[in-house]
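S.K.: Here it is, the structure in full.
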Amino acid sequence: MSQGESAVTEPQVSAADQAEPAQPLDGPDELAQAAEAGIADEIPDGEDVGLSSEDGTAAPGLTDVADLELEGEIAADYIEGLLDVADLDGDIDMDVEGDRAVVSVVGATLDELVGPKGEVLEALQELTRLAVHRHTGMRTRIMIDVGGYRMRRRTELAETGRDAADEVKRTGVPKKLWAMNPFERKIVHDAVAAAGLRSESEGEEPDRRVVVLPGN
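Quick note on numbering: the sequence shown equals residues 454 to 669 in our numbering.
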């Protein structure tokens, strides 16, 4: 696996981190299970290490470019380790987009890392955010992508938002969409707003969804 010259200095290891090493993960399904278990066990109740809302408002975190690059390096090292124990191939690219670090996995066996409806990718992102949070002590908005999945998904969801807005303009009837995660809902809200209509979210996770509303 290639990561170029992006390795970071080995952090000091606490007594808690010297616990029994994790067993190798048997493929992407166990990767997702590990993410869910890690999040449930290690994030204090009520604490969010990522976005605080789907409108894009971020929790306080690192915003300096150098700090964001450090976030990316920590995340890249962490993902590289997960790929190794899961025996999956892929190269890692790092970038900073606005006030967010972005780490992308490119190469082979990528479908396994995305999973149905991006579920494995979401689990991988949350587990990586937890790892970065534990190193920096700061909340993070870092985004993990695999094989350009999020870019393709962004295009599809923007089109969904525009189509829903067009339908609501024709019929004058609110349009309720399917359940989406906060990342997906944010894209749809933006597309609807760009089309000149208003939208809102209703329901509780994981069944929260966008409703497109008629204009006045």
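Positions of the beta carbon are idealized from the N, C-alpha and C atoms, including for glycine.
Give the range of the alpha helix (DSSP H) segment to which D619 is assigned.
M.R.: Counting from one through the sequence shown, the residue named residue 619 turns up at place 166. Unbroken alpha helix (DSSP H) run through D619: 602-624.
S.K.: Residues in the same chain with beta-carbon distance under 6 Å from K628, minus the five sequence neighbours each way, listed in chain order, please.
M.R.: Counting from 1 along the sequence shown, the entry for residue 628 is found at position 175. Excluding residues within five positions, the ones whose Cβ falls inside 6 Å are A617, E620, V621, V665.
S.K.: Could you pull the DSSP bridge partners for E575 from this structure?
M.R.: Translated into positions along the sequence shown, residue 575 becomes position 122. The partner list for E575 (beta bridge, DSSP) is empty, contrary to what the question assumes.
S.K.: Bridge partners of A632, per DSSP?
M.R.: Against the sequence shown, residue 632 aligns to sequence position 179. Paired residues: R662.
S.K.: Rounded to whole angstroms, what's the CA-CA distance from G656 to R662? Just pull it up for me.
M.R.: The count along the sequence shown starts at 1 and reaches residue 656 at position 203. The count along the sequence shown starts at 1 and reaches residue 662 at position 209. Their backbone Cα atoms lie some 7 Å apart in a straight line.
S.K.: Per DSSP, what kind of secondary structure is D552 in: helix, strand or coil?
M.R.: Along the sequence shown, read from residue 1 onward, the residue named residue 552 stands at position 99. It is coil, neither helix nor strand.
S.K.: Check R651 in the structure and name its three-state DSSP category.
M.R.: Walking along the sequence shown from the start, residue 651 turns up at place 198. Here R651 sits in strand by DSSP.
S.K.: Could you give the distance in angstroms between the alpha-carbon of R592 and the alpha-carbon of R553?
M.R.: As a working mapping, residue 592 is identified with position 139 in the sequence shown. As a working mapping, residue 553 is identified with position 100 in the sequence shown. C-alpha separation (whole angstroms): 11 Å.
S.K.: DSSP has V559 in a bridge; who is on the other side?
M.R.: Counting from one through the sequence shown, the residue named residue 559 turns up at place 106. The partner list for V559 (beta bridge, DSSP) reads D544.
S.K.: Are the Cβ atoms of T589 and I527 separated by less than 9 Å?
M.R.: By 1-based counting over the sequence shown, the position of residue 589 is 136. By 1-based counting over the sequence shown, the position of residue 527 is 74. Yes, they are a contact pair.
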